[in-house]
Amino acid sequence: MGQPQGQSQETIIRVDPLGMPWRTPDPFLFCVHHDDHYPAGNERFGPQASLAGRELGQDFGGRDGWSMYHGTVVPGFPQHPHRGFETVTVVRSGLLDHSDSLGAAARFGGGDVQWLTAGSGINHSEMFPLLKRDQPNPVELFQIWLNLPRENKLVAPHFSMLWNHVIPRHVAKDEAGRATEITVVAGRLGDVKAPPPPPKSWAAREESDVAIWTLKLEPGARWTLPAAARGTHRMLYFFKGSALSVGGRAISPSHSIELRADADVALENGADVTELLLLQGRPIGEPVVQYGPFVMNSRQEIQQAFADYQRTGFGGWPWPDPAPVHAPEEGRFARHADGHVERPA
């Protein structure tokens, strides 16, 4: 990328093209951005389009602007297990239907977030029902994996819902009146504080300095990202827009920017709306041994995870289908394992 100039010498550590998945620092394990332009839905809530030529069950090609992923009728991710970490699923548009081995279920989207602590082990399904029969069904989401420290790897699994209306947004305007909107999913920005994460999350510890934010800059907007704590890892992901300056350095679209966290960073947008994802947190600093959906601290613990899953199925699968879709009239809801139901206001 060449020798950075000015402020970027101090603030930018590394710039990389966005891959699949995106590169993440400890305490994060994984981040992927799904942005699918699904057509109108059919009577089974799948795409009203031919699936011929797609590698069903493993369709990640983005043909015609969308993928089926592991779904064969409805796009998404049928029944699969996790152990030892958390998933944070930010559904910016469209809907996601969750079902799990504890008997819990949810439908969320339009800015809602599900924060799932997999802990000792859970099976879940994440499907994208295409409910609109007469118009397109776009789906855009981030899924972020946040590691759990050793002492919480085997806590009881559960999820929290962060409904769109309770997630705070801060709008900052520069001297020319151009706005930057910051959506605070985790952490705090000045007096703006996100809803609490699950109690055993690394993010629940004040000293973890975990932040998950999205930033939306109007054309030409300027905003200074305030410094975080020394020792924190900080990444920006430039996923939408045409031009951006970070710390005085021009950054091309579709790149990640690893930043020195304990310094303010000046952002200056180009001629189009720009959107960024920020992930930051103090590293857990423990060994990470990952095999597919299991993330532990040693190979022996991974072997134990496989043995436990083969023996218990992490609670089995109480649904008649590996890829359940909820009734179209349900709306957005969450039914937890203890039976209580919540809905957004």
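Here the sequence shown is numbered in the working numbering, starting from 7 and rising by one per residue.
Every residue gets a Cβ at the ideal spot worked out from N, C-alpha and C, and that includes glycine.
Computed from a prediction, not measured in an experiment: that's the story for all the values here.
Taking buried to mean at least 16 other C-beta atoms within 10 Å of its own C-beta, is residue i buried or exposed?
{"i": "PRO204", "result": "buried"}
{"i": "MET302", "result": "buried"}
{"i": "PRO202", "result": "exposed"}
{"i": "SER107", "result": "buried"}
{"i": "GLN306", "result": "exposed"}
{"i": "TYR243", "result": "buried"}
{"i": "ASP103", "result": "buried"}
Given this structure, state the Cα-to-Cα distance separating residue i from residue j, to the nearest angstrom.
{"i": "GLU427", "j": "VAL190", "result": "Limits of the chain in this structure are 7 at one end and 351 at the other, which puts residue 427 out of reach."}
{"i": "ARG349", "j": "TRP325", "result": "22 Å"}
{"i": "VAL119", "j": "HIS171", "result": "11 Å"}
{"i": "PHE36", "j": "ILE150", "result": "6 Å"}
{"i": "TYR75", "j": "PRO84", "result": "9 Å"}
{"i": "GLY68", "j": "ALA233", "result": "37 Å"}
{"i": "ALA55", "j": "GLY247", "result": "30 Å"}
{"i": "VAL161", "j": "GLU274", "result": "43 Å"}
{"i": "ASP22", "j": "SER214", "result": "25 Å"}
{"i": "ALA110", "j": "TRP72", "result": "28 Å"}
{"i": "GLY345", "j": "HIS332", "result": "16 Å"}
Quick check on DSSP: helix, strand or coil for residue i?
{"i": "GLY47", "result": "strand"}
{"i": "PHE134", "result": "coil"}
{"i": "GLU264", "result": "strand"}
{"i": "HIS346", "result": "coil"}
{"i": "GLN11", "result": "Model confidence at GLN11 stands at a pLDDT of 40, short of 50, so the residue's coordinates are unreliable and nothing is read from them."}
{"i": "HIS332", "result": "coil"}
{"i": "GLU274", "result": "strand"}
{"i": "GLU61", "result": "coil"}
{"i": "ASN170", "result": "helix"}
{"i": "ARG66", "result": "Correcting the residue identity first, residue 66 is Phe in this sequence and not Arg. Of the three classes helix, strand and coil, the one that applies to PHE66 here is coil, per DSSP."}
{"i": "ASN129", "result": "strand"}
Cβ atoms of residue j and residue i: under 9 Å apart, would you say?
{"i": "GLU132", "j": "ARG98", "result": "no"}
{"i": "ASP180", "j": "TRP229", "result": "yes"}
{"i": "PRO33", "j": "LEU122", "result": "no"}
{"i": "ARG236", "j": "ALA192", "result": "no"}
{"i": "ALA329", "j": "ARG89", "result": "no"}
{"i": "LEU195", "j": "HIS164", "result": "no"}
State the CB to CB distance for the pair residue i and residue j, rounded to an integer number of angstroms; the pair is presumed to be in contact (CB under 8 Å).
{"i": "HIS43", "j": "PRO142", "result": "6 Å"}
{"i": "ARG184", "j": "ALA227", "result": "4 Å"}
{"i": "PRO334", "j": "LEU137", "result": "5 Å"}
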